[in-house]
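Note sheet for the following structure.
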Amino acid sequence: MNCLICKNSITPFVDFGKMPIANGFLVQDQIKDEYFFSLKVAFCEHCKMVQLTEQPDREKMFHENYAFFSSTSEYMKLHFKDFANSVIKLQSLTKDSFVVEIGCNDGIMIQNFKNQDIGHLGVEPSKNVAAVAKEKGVNVVSEFFDVTLAKKIISEYKKADAILSANVMCHIPYMHSVFEGIKELLKEDGLFIFEDPYLGDIVEKNSFDQIYDEHVFYFSALSVSKLAEMHNLELVDTIKQSTHGGSMRYVIAHKGTKEVSQSVKSTIENEISLGLDNKKTFENFANNVANIKTDLHAILSDLKAKNKKVVAYGATSKSTTVTNYCNITPDLIEFVSDTTPIKQNKLTPGAHIPVLPYEEFRKAKPDFVLLFAWNHAKEIMSKEAEFMQSIGAQWIVYVPKVEILNP
Ligand code: SAH
Ligand code: TMP
Ligand code: ZN
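Numbering of the sequence shown is given in the working numbering, commencing with residue 33 and proceeding in unit increments.
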């Protein structure tokens, strides 16, 4: 196996076994045709990139029935409004400016540019979520971003003052084509700003459920700075984010055009002290993950033996890794509550646990609730506190370790 970035040889440090498409919610009739692949992760000692060694074809994941709608979280709406406003200020954007967002989904971020009358274009290959963005009045091209599309955007529009992307770069295996596209599409004084779940948090929190088919890369400033260099671009700033269980925002410019912030140096130093440049760190992570698997299965089996009612909250893409890797079957969890209509009354990928609308969660009065959407813990725990208390229910979490939280 070879590194997707530098082509050197790599070997996996963790193997989660056979996995289905993380967002492939399905009905009974589709089970016989369900697709599986091997979910394994490797660390490249040469360019420091952490990556999947196998990934399903992109059309199997991103299509007209894509199940993830960004705007289901109120907190994320505010986060992206702040993100957009910070870029407007940083680049002094006006109606004559041009902002491109890669993977705009239902328009959660780019609508803020549209609302302030700033020239913009969203790129979103999944047609159903792209349609929601279009309904909001946002300009959207429903294609996969790569160097070919970048050239098309330049010829049909112009070069961009800012190229933005959130939770998308880590989804794209053909990263060199994306960076070639950025290099061409970005104006001389433009900025490419993207954020993704941060490798440092994944290692520190043992959040192995960030690992699933869509997430081909697990970035750090160490790996991103090297990737940028390969395209004559430069990492000029890193800004830590609390979203998705801990993310990092990377600011990239044409090499030599902007001052490099002190934070790039301190982030990289911190990564070295965390061991993100050392394969031992990842072997250790694999051990911790194996312990979580044992503990989570044991706790759920014990609750079942005690006849407790256990349900889960949030049919996240992340939970596909948890249920399949930890062997969590429908006899251990009665159902998963989720507010997304396209997921409701379907079965979770691989484990085939029913997904039911939120109202069923209220009716079920569970004894224990396994929090799959732990990245939204603050929002969810505060809005459910009163209800959980009124029925005497307790949360179960599994990162950084398996725990039943006190009511
Ligand atoms: N930016 C949103 C959506 C993240 S989900 C948010 O942070 O909530 C990832 C999105 O990336 C999906 O909507 C998917 O369709 C899109 N995507 C996948 N590959 C892409 C590519 N090559 N170019 C643009 N978007 C892509
Ligand atoms: P995410 O972790 O990929 O953001 O997905 C979160 C999932 O959890 C998504 O399917 C919506 C669901 N959800 C709820 O059901 N209730 C909630 O309050 C929140 C915030 C999310
Ligand atoms: Zn490499």
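The beta carbon of each residue, even a glycine, is placed where N, CA and C say it ideally should be.
Listed in chain order, the non-local C-beta contacts of Gly307 below 6 Å within the same chain comprise Thr313, local neighbours out to five positions each way being set aside.
For the options Val131, Ile150 and Ser298, the alpha carbon positioned closest to that of Leu217 is the one of Val131. When the beta-carbon positions are compared, Lys64 and Thr85 stay at least 8 Å from each other.
The alpha-carbon of Gln294 is positioned some 15 Å away from that of Gly288. Glu301 is not a Cβ neighbour of Gly232, given a cutoff of 8 Å. The region 382-402 and the region 360-371 touch, with no fewer than 3 CB-CB distances between them shorter than 8 Å. Taking a C-beta distance under 8 Å as the contact criterion, Asp399 and Ala425 qualify as a contact pair. Minimum Cα-Cα distance from Ala54 among the listed residues Val354, Phe249 and Ser197 corresponds to Val354. At a threshold of 7 Å, Asn359 does not count as near ligand 1, since its beta carbon sits no closer than that to any of the ligand's heavy atoms. DSSP, read as helix, strand or coil, puts Lys127 in coil. In this structure, Cys136 has its beta carbon less than 7 Å from a heavy atom of ligand 1. Chain-ordered, the residues whose CB falls short of 6 Å from any heavy atom of ligand 3 come out as Cys35, Ile37, Cys38, Asn40, Cys76, His78, Cys79 and Met81. At least one heavy atom of ligand 2 falls within 7 Å of the beta-carbon of His408. When beta bridges are read from the DSSP output, Ser279 appears opposite Pro229 and Gln273.
When rounded, the separation of the alpha-carbon atoms in Glu411 and Lys336 is 28 Å. Under the 10 Å beta carbon count, Ile284 is surrounded by 16 or more other beta carbons and is classified as buried. Taken through DSSP and simplified to helix, strand or coil, Ser70 comes out as strand. Set against 7 Å, the gap from the CB of Gly346 to the closest heavy atom of ligand 2 is smaller. In the three-state scheme derived from DSSP, where H, G and I count as helix and E and B as strand, Met93 is classed as helix.
Only residues of its own chain outside the window of five on either side were considered, and among them Phe404 and Ala405 have a CB closer than 6 Å to the CB of Thr348, listed in chain order. Close CB contacts of Asn407 within its chain, under the 7 Å cut and outside five residues either way in sequence, are with His276 and Gly277 (chain order). The straight-line gap separating the alpha-carbon atoms of Ile150 and Ala192 is approximately 12 Å. Closest in alpha carbon position to Gly222, among Ala260, Phe249, Leu122 and Ser414, is Leu122.
The C-alpha of His208 is placed about 15 Å away from the C-alpha of Phe224. Per DSSP, Lys290 is not a residue of any alpha helix (DSSP H), being assigned neither H nor E. Sequence-distant Cβ neighbours of Ile140 in its own chain, meaning closer than 7 Å and more than five residues away, are Ser102, Ser103, Met108, Lys109 and Phe112. Judged by the Cβ position, Glu96 fails to qualify as a neighbour of ligand 1 at the 7 Å threshold, every heavy atom of the ligand being at least this far. Under a 10 Å Cβ-count criterion, Ile436 is classified as exposed, with fewer than 16 other Cβ atoms of the shown protein chains found around its own Cβ. The continuous alpha helix (DSSP H) containing Lys350 extends over residues Lys350 to Tyr357.
Within 7 Å of the C-beta of Ala405 there is at least one heavy atom belonging to ligand 2.
Set against 7 Å, the gap from the CB of Phe100 to the closest heavy atom of ligand 2 is smaller. By the Cβ-count criterion, Ser414 is exposed, with fewer than 16 other Cβ atoms from all chains shown falling within 10 Å of its own Cβ.
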